[in-house]
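Q: Got a structure here, written out as structure tokens. Questions coming.
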Amino acid sequence: ASSIARSAGWPFVSTTIGRWFTTTDGYLGGVMRGANDFFEELLKHDQAIGFIDELDSLPDRAAMSEKDREWWTPVVNSVLTGIDRVKASGRPVVLLAASNFGDRLDAALVRPGRFDRLVPLLPPSTTEEIVAVFRYYLKSDLAEVDLVPLALLADGATPAAIEAWVKQACRSARRSNRSLALLDLTEAVAPKGNSNLSLLEGCAIHEAGHAVIAHALGIPVRRVTI
Numbered sequence: 005a006s007s008i009a010r011s012a013g014w015p016f017v018s019t020t021i022g023r024w025f026t027t028t029d030g031y032l033g034g035v036m037r038g039a040n041d042f043f044e045e046l047l048k049h050d051q052a053i054g055f056i057d058e059l060d061s062l063p064d065r066a067a068m069s070e071k072d073r074e075w076w077t078p079v080v081n082s083v084l085t086g087i088d089r090v091k092a093s094g095r096p097v098v099l100l101a102a103s104n105f106g107d108r109l110d111a112a113l114v115r116p117g118r119f120d121r122l123v124p125l126l127p128p129s130t131t132e133e134i135v136a137v138f139r140y141y142l143k144s145d146l147a148e149v150d151l152v153p154l155a156l157l158a159d160g161a162t163p164a165a166i167e168a169w170v171k172q173a174c175r176s177a178r179r180s181n182r183s184l185a186l187l188d189l190t191e192a193v194a195p196k197g198n199s200n201l202s203l204l205e206g207c208a209i210h211e212a213g214h215a216v217i218a219h220a221l222g223i224p225v226r227r228v229t230i
């Protein structure tokens with residue numbers, strides 16, 4: 005979401021439901037004020053990208069007990085009203101939200117005119133995509149270094165994991181009072197550990213066996229790792 009805002013050159017206004025609790029007194033009125041403040045801030049701008057992270061923190065009222073529903077319904081309605089206000093303003097505002105649990109969202113949130121367009125964002129699935137995520141977090145560091153071997157080690161990683169590895173590698177370089185090196189990043193992605201070499205060899209032979217059987221059965225083998 006922030007990348008979209010940077011690309012557009014528009015202000016970026018973000019929030020979480022958790023923030024509505026931690027920045028207020030946590031009571032019903034305070035949480036509703038937190039929600040309202042987000043939409044007010046969004047509408048201060050002529051054009052903006054608005055983002056609500058972890059949207060599933062706003063629970064599905066259909067899956068709640070009657071007692072819990074009584075408390076949450078005003079909060080949910082406050083958010084729905086805020087979304088409708090943004091839409092009715094006619095301003096060029098893009099409202100985005102993220103959730104790992106799209107199936108848990110309240111039906112009123114995902115009806116037409118609200119968060120009705122669901123876009124799956126899966127972890128990077130190709131070597132090129134993994135390299136691109138590393139480049140994003142590395143910025144100008146290691147610009148001339150081939151990161152493909154590192155990307156192969158990072159197969160299956162989420163962008164959040166890659167960001168954490170880059171930060172860890174940068175801390176390691178700073179502690180040594182030098183520039184970031186590929187070795188810093190490699191050791192963050194694949195720590196040396198203290199495994200017994202014969203044990204590692206046994207694991208390697210075992211996993212290679214899986215690959216040989218898959219190949220014999222005509223199942224594509226993308227990568228083997230221990």
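Per the numbering used here, the very first residue in the sequence shown carries number 5; after that it's consecutive.
Using N, Cα and C, we set each Cβ at its ideal position, and we do this for glycine too.
Since the model is a prediction, treat every value here as computed from it, not as a measurement.
Can you give me the start and stop residues for the alpha helix (DSSP H) that Gly94 sits inside?
A: Per DSSP, Gly94 belongs to no alpha helix (DSSP H) and is neither H nor E.
Q: Under the rule that 16 or more other beta-carbon atoms within 10 Å means buried, what is Ala212, buried or exposed?
A: That one is exposed.
Q: Select from Phe119, Arg108, Asn104 the residue whose C-alpha is nearest the C-alpha of Val83.
A: It is Phe119.
Q: Should Ile134 be flagged as near chain C, meaning a C-beta pair shorter than 7 angstroms?
A: The structure shown has no chain C; it contains just one protein chain.
Q: Given 8 angstroms as the limit, is there contact between the segment 200-219 and the segment 138-147, that is, 3 or more CB pairs closer than that?
A: The segment 200-219 vs the segment 138-147: no contact.
Q: CA-CA distance, Leu113 and Leu100?
A: About 12 angstroms.
Q: Among Phe138, Arg37, Gly160, which residue has its Cα nearest to the Cα of Pro127?
A: For the residues Phe138, Arg37, Gly160, the minimum Cα distance to Pro127 belongs to Gly160.
Q: Go to Ala235, then tell me how far its alpha helix (DSSP H) extends in each direction, as first and last residue.
A: Because the chain here runs from 5 to 230, residue 235 falls outside it and cannot be looked at.
Q: By the 10 Å Cβ neighbour count, where 16 or more other Cβ atoms means buried, how is Ala75 classified, buried or exposed?
A: The sequence shown places Trp at residue 75, not Ala. Label assigned to Trp75: exposed.
Q: Could you spell out the range, first to last residue, of the beta strand (DSSP E) harbouring Thr20?
A: Segment 16-20, the beta strand (DSSP E) holding Thr20.
Q: Could you tell me whether the segment 130-140 touches the segment 150-166, where touching means 3 or more Cβ pairs closer than 8 angstroms?
A: The segment 130-140, when compared against the segment 150-166, does touch it at the 8 angstroms Cβ threshold.
Q: Is the beta carbon of Leu65 less than 7 angstroms from the beta carbon of Asp110?
A: Rather than Leu, the amino acid found at residue 65 in this sequence is Arg. Going by C-beta atoms, Arg65 is nearer than 7 angstroms to Asp110.
Q: Please look up how many angstroms separate the CB atoms of Ala192 and Ala185, rounded, as I've assumed it's under 8 angstroms.
A: Wrong, their Cβ atoms sit about 11 angstroms apart, outside the cutoff.
Q: For Leu100, which of helix, strand or coil comes out of DSSP?
A: It is a strand residue.
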